[in-house]
């Protein structure tokens, strides 16, 4: 096969033994993306499931949770129907759990009474009436003449006739005006002015009844599933369908898996698509604790990070993620909370450190801030000893001793650079307690530069 981790696998990217399919975790799975043993279908979690997306053993159908179910979406054992809960059902949709508890609020009545007083004065005036001119169109008339000497047809049309309100010389469209002369205004009053005329409006109504469902569990297969499509099992959510326990998304089997892009997983706590095994992250992975980069990632084995990998603790074709300890970030660390590679100890940030709490590389000791230090508490690079640092916590270089502030000192308590001895302040001194530069001797009585001797 290709990309397998285990023995006798003839398929691709399987983790386990004798798997003929692809991306299986387990033993002798002919199908694909299964977690378990002898699964013929795809994306099953369990043993010897011929169907697909099952969680359990010997399920012939699809999306079943349990044992030897031949239908679909069954939760239980030996069910030949579909969407059943329980045992030995042959019909469909048997023993489905449902519940409803609804609070009904009764009608809240409402009453309306309105009295509107009417007092509307009305004044009317009589004005002239103007009637547009009327034109009667031509009325055609004709007759036949048949005399001895004369025969023919005689035409005698009548009109048009215009009736208007003007004289013979007025335009034909002069309106006909009826003048009533000066008339007094007509005054009316609707209702009594004292408000005794009232329009009474009465009405009744109400709000409700209102129903508030507190519990509304529809009869669906499985128990407490909230998937958009039917699922078997318990507490599955998301789009569905699924089998198993606590899965989210579509086409999952197993326990607490989260699928993306509608492509499911089998196994435990996988996040992604087309995975089998336990706690994998990515796409097209088998095994345990792998993190895939790319889709498909094509990984089999344990704790690999990357793509196209098979084996254990691999982080690329030539690297590993193996460490002994807790919370290490890197590889080949022995200890805990190291960030880097090849560290022996705890809390080192860097690589190839021996000790505790070093920040840098190739330190032997503890609490060093820098690289290539031998000792503890050094701030800088290449120091041998304890507590060597530069001025104002700058980097010290290549001190040998204890408590030196500066670089290239041999001894302890020197402040400056290139001193040999103890407690010298300055540069290039050889002795004890000297203050200045390039002094040799003891005590604080030599002052100046270039002195040789005591005091």
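Residue numbers (this note's numbering): 7 to 461.
Heads up, the beta-carbon is just placed ideally off N, CA and C, and yes, glycines get one too.
From a predicted model like this one, the values you see are computed outputs, not experimental measurements.
So for residue i, helix, strand or coil by DSSP?
| i | result |
| --- | --- |
| residue 444 | coil |
| residue 234 | coil |
| residue 17 | coil |
| residue 258 | strand |
| residue 277 | strand |
| residue 3 | Absent from the structure is residue 3, since the part of the chain shown begins at 7 and ends at 461. |
| residue 229 | strand |
| residue 217 | strand |
| residue 248 | strand |
| residue 352 | strand |
| residue 9 | coil |
| residue 242 | coil |
| residue 284 | strand |
| residue 208 | strand |
| residue 23 | strand |
| residue 263 | coil |
| residue 298 | strand |
| residue 362 | strand |
| residue 289 | strand |
| residue 98 | coil |
| residue 174 | coil |
| residue 327 | coil |
| residue 183 | strand |
| residue 345 | strand |
| residue 155 | coil |
| residue 461 | In this prediction, residue 461 scores a pLDDT of 49, lower than 50, which makes its location untrustworthy; no coordinate-derived value is stated. |
With a threshold of 16 other CB atoms inside 10 Å of the CB of residue i, please say whether the residue is buried or exposed.
| i | result |
| --- | --- |
| residue 281 | buried |
| residue 440 | buried |
| residue 49 | buried |
| residue 163 | exposed |
| residue 372 | buried |
| residue 227 | buried |
| residue 445 | buried |
| residue 475 | There is simply no residue 475 to check, as the chain begins at 7 and stops at 461 in what is shown. |
| residue 96 | exposed |
| residue 223 | exposed |
| residue 431 | buried |
| residue 315 | buried |
| residue 33 | buried |
| residue 392 | buried |
| residue 17 | buried |
| residue 39 | buried |
| residue 269 | buried |
Just grab the DSSP bridge partners of residue i for me.
| i | result |
| --- | --- |
| residue 169 | 140 |
| residue 318 | 308 |
| residue 433 | 423 and 443 |
| residue 28 | 18 |
| residue 334 | BP columns for residue 334 are empty, so no partner. |
| residue 195 | 127 |
| residue 149 | 160 |
| residue 340 | 330 and 350 |
Thinking C-beta only, is residue j closer than 9 Å to residue i?
| i | j | result |
| --- | --- | --- |
| residue 250 | residue 264 | no |
| residue 424 | residue 414 | yes |
| residue 57 | residue 66 | yes |
| residue 330 | residue 313 | no |
| residue 175 | residue 135 | no |
| residue 42 | residue 272 | yes |
| residue 210 | residue 116 | yes |
| residue 166 | residue 142 | yes |
| residue 353 | residue 335 | no |
| residue 80 | residue 91 | yes |
| residue 274 | residue 11 | no |
| residue 337 | residue 351 | no |
| residue 188 | residue 119 | no |
| residue 150 | residue 160 | yes |
| residue 193 | residue 129 | yes |
| residue 401 | residue 422 | no |
Worksheet entry | Whole beta strand (DSSP E) elements within the stretch 364-419, 3-residue minimum | 370-372, 380-382, 390-392, 406-408, 411-413 and 416-418
Worksheet item: In chain order, which continuous runs of the beta strand (DSSP E) of length 3 or greater are located wholly inside the stretch 100-144?
Response: 103-111, 114-123, 126-130, 135-137 and 140-142
Worksheet entry | Every unbroken beta strand (DSSP E) inside the stretch 35-92 [3 residues or more] | 41-43, 51-53, 61-63, 71-73 and 81-83
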